[in-house]
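Take a look at the structure set out below.
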Amino acid sequence: MKLLVVDDEKAMANAIRDNLEFEGYKADCAYGGQDALDRLLGEKYALVILDVMMPDIDGFNVLEQLRSNADRTPVIFLTARSAEADKLRGLGLGADDYVVKPFSILELVARVKAVLNRTAPGSGIATLQLGNALIDFRKLSVSSGGNEEELGRYEADILQLLASDPGHVFSRADILDAVWGMEAFPSNRTIDNHIVKLRQKIEPEPKHPKHLISVYGKGYKLKMGT
1 MKLLVVDDEK
11 AMANAIRDNL
21 EFEGYKADCA
31 YGGQDALDRL
41 LGEKYALVIL
51 DVMMPDIDGF
61 NVLEQLRSNA
71 DRTPVIFLTA
81 RSAEADKLRG
91 LGLGADDYVV
101 KPFSILELVA
111 RVKAVLNRTA
121 PGSGIATLQL
131 GNALIDFRKL
141 SVSSGGNEEE
151 LGRYEADILQ
161 LLASDPGHVF
171 SRADILDAVW
181 GMEAFPSNRT
191 IDNHIVKLRQ
201 KIEPEPKHPK
211 HLISVYGKGY
221 KLKMGT
């Protein structure tokens with residue numbers, strides 16, 4: 001798994017790369033927008049950390065060109081611009097997260113892990129059968145016994161995360177990082193509330209779940225089957 005760090009400030013790009021490599025990732029640096037586009041044409045990256053303010057081609061334009069070519073490589077914007085309009089523009093173009101300078105490297109690494117979890121193979125499954133319940137992630141719906149019910153966006157993301165590794169216990173912190181990413185201060189109770197809602201939609205007996213299993217003191221796991 002290789003990441004690409006894009007920043008016209010070479011010292012910044014190199015420092016981010018070195019810290020990512022310390023965390024166990026492989027990483028390349030690009031020192032401008034055109035350099036980034038050239039590298040992305042020649043190599044497949046798992047994620048791009050992309051500075052917005054660059055003199056040749058800014059980060060917004062780099063992302064626009066990627067998405068116009070149907071390139072869905074996950075992108076985290078890294079920028080000194082904290083205005084809400086800039087964040088909304090970046091996310092509207094298809095960015096996966098947005099980190100404002102100055103930042104801690106621990107925060108950036110956490111964001112990288114969260115985005116990779118959300119976009120990992122298995123997180124993009126289209127449908128999921130749990131007993132009599134059929135979950136359609138494209139329609140954001142749950143069908144059971146001839147009835148169809150709407151699935152919330154966060155509910156779908158939680159379920160996709162658990163389905164990416166059935167039987168694995170995901171801690172609340174894992175789920176918060178993977179699902180909420182940029183959201184401001186969601187709590188552990190937020191997770192529990194969404195699990196309750198999910199059980200009401202997919203479990204025949206929500207108070208005695210067969211699929212969304214709580215593991216005391218650790219978190220939640222998904223059990224497949226009938």
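Residue numbering for the sequence shown follows the UniProt record's numbering, starting at 1 and increasing by one per position.
Even glycine gets a Cβ: it sits at the ideal position worked out from N, Cα and C.
Remember, it's a predicted structure, so these values are computed and weren't measured experimentally.
So residue i and residue j are in contact, right, with Cβ under 8 Å, and what is the actual spacing, rounded?
i    : j    : result
G145 : K210 : Not really, about 16 Å apart at Cβ, beyond 8 Å.
Q34  : I57  : 6 Å
D7   : D51  : 4 Å
V115 : I158 : Actually they do not touch by this definition, with Cβ atoms about 16 Å apart.
F60  : L93  : 6 Å
What does residue i pair with, by DSSP beta-bridge criteria?
i    : result
N147 : S144
A27  : L3
I105 : DSSP lists no partner for I105.
L133 : Before going on, a small fix: residue 133 reads as Ala here, not Leu. A133 is bridged to L130.
So is residue i buried or exposed if we call it buried at 16+ other beta carbons inside 10 Å?
i    : result
Y216 : exposed
A140 : At residue 140 the sequence reads Leu, which differs from the Ala that was named. Per the 10 Å Cβ criterion, exposed.
P102 : exposed
P74  : buried
T79  : buried
D177 : buried
V142 : buried
L151 : buried
Report all residues from its chain with a CB closer than 7 Å to the CB of residue i; omit the five preceding and five following residues, and keep chain order.
i    : result
R39  : L4, D28 and A30
E9   : none
A156 : F137 and L140
Residues in the same chain with beta-carbon distance under 6 Å from residue i, minus the five sequence neighbours each way, listed in chain order, please.
i    : result
V109 : E23
L107 : In the sequence under discussion, the amino acid at residue 107 is Glu, which differs from the Leu named in the question. For E107, where only same-chain residues beyond five positions count, there are no Cβ hits under 6 Å.
I135 : L128 and V142
M1   : A46
Sorted by chain position, which residues of the same chain lie with C-beta nearer than 8 Å to residue i's C-beta, five sequence neighbours on each side aside?
i    : result
P166 : K221, L222, K223 and M224
S214 : I195 and Y220
V100 : T79, A80, R81 and S82
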